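Asker:
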Amino acid sequence: MADATDSKSVEGNLMRVQPSPPAENFPQDSSLSAKDRLIFALDYPTLQEAEKAVSMLGDHVGLFKVGLELFVAAGPSIFKAIARNSACGTFLDMKFHDIPETVRAAVKASAAYNIRFVTVHASEGKGLLKAVVDTVQKGTKVLAVTVLTSLRQLELRDIGIDKNLDLLDLVILRTRLAMDSGCAGVVCSGVEVRSIKERVGQGLIAVVPGIRPAWASVPNDDQKRITTPRQAIVDGADYIVVGRPIRSARDPVQAADRIVEEIKTALHDRSVHS
Ligand code: C5P
Numbered sequence: 000m001a002d003a004t005d006s007k008s009v010e011g012n013l014m015r016v017q018p019s020p021p022a023e024n025f026p027q028d029s030s031l032s033a034k035d036r037l038i039f040a041l042d043y044p045t046l047q048e049a050e051k052a053v054s055m056l057g058d059h060v061g062l063f064k065v066g067l068e069l070f071v072a073a074g075p076s077i078f079k080a081i082a083r084n085s086a087c088g089t090f091l092d093m094k095f096h097d098i099p100e101t102v103r104a105a106v107k108a109s110a111a112y113n114i115r116f117v118t119v120h121a122s123e124g125k126g127l128l129k130a131v132v133d134t135v136q137k138g139t140k141v142l143a144v145t146v147l148t149s150l151r152q153l154e155l156r157d158i159g160i161d162k163n164l165d166l167l168d169l170v171i172l173r174t175r176l177a178m179d180s181g182c183a184g185v186v187c188s189g190v191e192v193r194s195i196k197e198r199v200g201q202g203l204i205a206v207v208p209g210i211r212p213a214w215a216s217v218p219n220d221d222q223k224r225i226t227t228p229r230q231a232i233v234d235g236a237d238y239i240v241v242g243r244p245i246r247s248a249r250d251p252v253q254a255a256d257r258i259v260e261e262i263k264t265a266l267h268d269r270s271v272h273s
């Protein structure tokens, strides 16, 4: 099987990753419950709104994800608010993308917050990935963002990536790069998660956003590579990230519980078929 080194990691290459035979099963971290696997994206414009959501959903999700909008609006106070109002872990989703030294300093500054996961773009290569891996404190896992779920194959050409390079191959290439750099896992879409687990490794952590339950409707949706919670989990996702289908639901608690039930059934089916 090709690895990141023999593919030369050049996105413009007409590199084709040879598919390996399908794996029949996915090892499961049985210590994780269905609820532990649900990450809620705290995409709110103010600390007050985010804190209200943490209080409401703290017993119904596993982790709270703090992204750009909330961190820019609220700053580090949000981490204290999460710890004060829930027993959930914190996911710092800054999707770092800058020179290694700048990112290293930012990661160092986050050491005070007891972060479970931190994200960095894989597109910048090993130098940046390693800088983050070498800087995080013990207990924080680094996830590399492969290709955003808001991008489609057609759009890759617009950003200078060879039109003949399959989006899936690009995701696999970046996943290998991330694993070679010491990352714990990747953020990818549910469309690619099965291939990632089969072709790169069962041991990596796959975190899947772009989740759309069959019953949810998201107006003007920007997510392109989407899957249901069930599909993502059956195909090997370890965690799923859900924002709008919970945040915009009439009853967010009920929506979260419904997704946890779907994860539970999918985990059961995944283990039965392994
Ligand atoms: O479910 P919804 O689309 O609202 O979730 C949006 C969240 O997922 C945002 O916080 C966004 O940053 C995150 N996301 C991600 N990786 C992607 C796409 C979206 O973490 N590839």
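According to numbering that gives the first Met the number 0, the residues represented by the sequence shown are 0 to 273, in order. Every residue, glycine too, gets a C-beta built ideally from N, C-alpha and C. Model, not experiment: these values are computed from the prediction.
Whole angstroms are fine: how far does the CA of LEU169 sit from the CA of ALA254?
Answerer: Residue mapping note: residue 254 aligns to position 255 of the sequence shown, counting from 1. Residue mapping note: residue 169 aligns to position 170 of the sequence shown, counting from 1. When rounded, the distance between both Cα atoms is 33 Å.
Asker: Confirm the yes/no value for this check: CB of LYS79, any heavy atom of the ligand C5P, distance under 8 Å.
Answerer: Here residue 79 is taken as the residue at index 80 of the sequence shown, counted from 1. It does not: the Cβ of LYS79 is nowhere closer than 8 Å to a heavy atom of the ligand C5P.
Asker: Look up HIS120 in the DSSP assignment and give the residues it is bridged to.
Answerer: To locate residue 120, count along the sequence shown from 1; it is residue 121. Looking at the DSSP assignment, HIS120 forms a beta bridge with VAL144.
Asker: Cα-Cα, which of GLU50, ARG83 and SER85 is closest to LEU69?
Answerer: Locating residue 69 in the sequence shown gives position 70, counting from the first residue. Here the closest residue by C-alpha is GLU50.
Asker: Could you tell me whether the Cβ atoms of ILE262 and ARG229 are closer together than 9 Å?
Answerer: Reading the sequence shown from its first residue, position 263 is the one you call residue 262. Reading the sequence shown from its first residue, position 230 is the one you call residue 229. A contact, by the Cβ cut-off of 9 Å.
Asker: Taking the DSSP output, what are the residues bridged to ALA205?
Answerer: What you label residue 205 is simply residue 206 of the sequence shown in a count that begins at 1. Its beta-bridge partners are VAL185.
Asker: From what residue to what residue does the beta strand (DSSP E) around LYS64 run?
Answerer: Along the sequence shown, read from residue 1 onward, the residue named residue 64 stands at position 65. From DSSP, the beta strand (DSSP E) with LYS64 extends over 62–65.
Asker: How many Å lie between LEU80 and PHE63 at the Cα?
Answerer: Taking the first residue of the sequence shown as position 1, residue 80 is located at position 81. Taking the first residue of the sequence shown as position 1, residue 63 is located at position 64. Checking the sequence, you will find Ala at residue 80 rather than Leu. Roughly 11 Å separates the two Cα atoms.
Asker: Just grab the DSSP bridge partners of TYR238 for me.
Answerer: Residue mapping note: residue 238 aligns to position 239 of the sequence shown, counting from 1. For TYR238, which the question treats as bridged, DSSP gives the partners VAL206.
Asker: Does the region 32–40 come into contact with the region 230–246, if we say contact requires no fewer than three beta-carbon pairs (one atom in each stretch) closer than 8 Å?
Answerer: These segments touch.
Asker: Name the DSSP beta bridge partners of THR101, please?
Answerer: Position 102 of the sequence shown holds residue 101. Paired residue(s): none; THR101 is not in a bridge.
Asker: Can you tell me whether THR226 is helix, strand or coil according to DSSP?
Answerer: As a first step, residue 226 must be located in the sequence shown, where it is residue number 227. Reduced to three states, the DSSP call for THR226 is strand.
Asker: Write down every uninterrupted run of the alpha helix (DSSP H) in the region 153–187 whose length is 4 residues or greater and which is fully enclosed by it, in chain order.
Answerer: If we require 4 residues or more, the alpha helix (DSSP H) runs fully inside the region 153–187 come out as 166–179.
Asker: Per DSSP, what kind of secondary structure is PRO20 in: helix, strand or coil?
Answerer: Counted from its first residue, the sequence shown places residue 20 at position 21. Bear in mind that the predicted position of PRO20 carries a pLDDT of just 35, short of 50, making it unreliable; the figure below should be weighed with that in mind. Three-state result, PRO20: coil.
Asker: So, do the region 208–224 and the region 170–183 have three or more beta carbon pairs nearer to each other than 8 Å?
Answerer: Contact fails: fewer than three Cβ-Cβ distances are below 8 Å.
Asker: By a C-beta neighbour count over all protein chains shown, 10 Å radius and 16 as the cutoff for buried, is PRO20 buried or exposed?
Answerer: Translated into positions along the sequence shown, residue 20 becomes position 21. Low confidence applies to PRO20: its pLDDT is 35, below 50, so where it sits in the model is not reliable enough to give any reading.
Asker: Identify, in the order they occur along the chain, each residue of the same chain with its Cβ nearer than 7 Å to the Cβ of LYS107, setting aside the five sequence neighbours on each side.
Answerer: Counting from 1 along the sequence shown, the entry for residue 107 is found at position 108. The answer, listed in chain order, is THR134.
Asker: Grab the span of the beta strand (DSSP E) containing ASP92 for me, first residue to last.
Answerer: Stepping through the sequence shown from its first residue, residue 92 is reached at position 93. First-last of the beta strand (DSSP E) with ASP92: 88–95.
Asker: Taking all protein chains shown into account, do 16 or more other C-beta atoms lie within 10 angstroms of the C-beta of VAL60, making it buried, or fewer, making it exposed?
Answerer: Against the sequence shown, residue 60 aligns to sequence position 61. Classification of VAL60: buried, given that the 10 Å Cβ count is 16 or more.
Asker: Does DSSP classify ALA248 as helix, strand or coil?
Answerer: Against the sequence shown, residue 248 aligns to sequence position 249. If DSSP states are grouped into helix, strand and coil, ALA248 belongs with coil.
Asker: Using a 10 Å radius around the Cβ and a threshold of 16 neighbouring Cβ atoms, would you call ALA231 buried or exposed?
Answerer: Reading the sequence shown from its first residue, position 232 is the one you call residue 231. With 16 or more Cβ atoms within 10 Å of its Cβ, ALA231 is classed as buried.
Asker: Spell out a yes or no on whether the region 72–86 and the region 257–271 are touching, meaning 3 or more CB-CB pairs, one atom from each, closer than 8 Å.
Answerer: No: the two stretches stay apart, fewer than three of their Cβ pairs being nearer than 8 Å.
Asker: Can you find the residues in the same chain that come closer than 8 Å, C-beta to C-beta, to LEU13, ignoring five residues on each side of it along the sequence?
Answerer: One-based indexing of the sequence shown puts residue 13 at position 14. Reliability of the predicted coordinates at LEU13 is poor, the pLDDT of 29 falling under 50, and the value obtained from them is presented with this limitation in mind. Closer than 8 Å at the Cβ level, and outside the excluded window around LEU13, lie ASP161, ASN163 and LEU164.
Asker: Would DSSP call LEU31 helix, strand or coil?
Answerer: Along the sequence shown, one-based indexing puts residue 31 at 32. Here LEU31 sits in coil by DSSP.
Asker: Going by C-alpha to C-alpha distance, which of GLU260, ARG83 and VAL141 sits closest to ILE204?
Answerer: On the sequence shown, position 205 is the one that residue 204 refers to. Checking every option, the nearest Cα to that of ILE204 belongs to VAL141.
Asker: Spell out a yes or no on whether the region 93–102 and the region 151–159 are touching, meaning 3 or more CB-CB pairs, one atom from each, closer than 8 Å.
Answerer: No, because fewer than three Cβ pairs between the region 93–102 and the region 151–159 fall closer than 8 Å, the two stretches do not touch.
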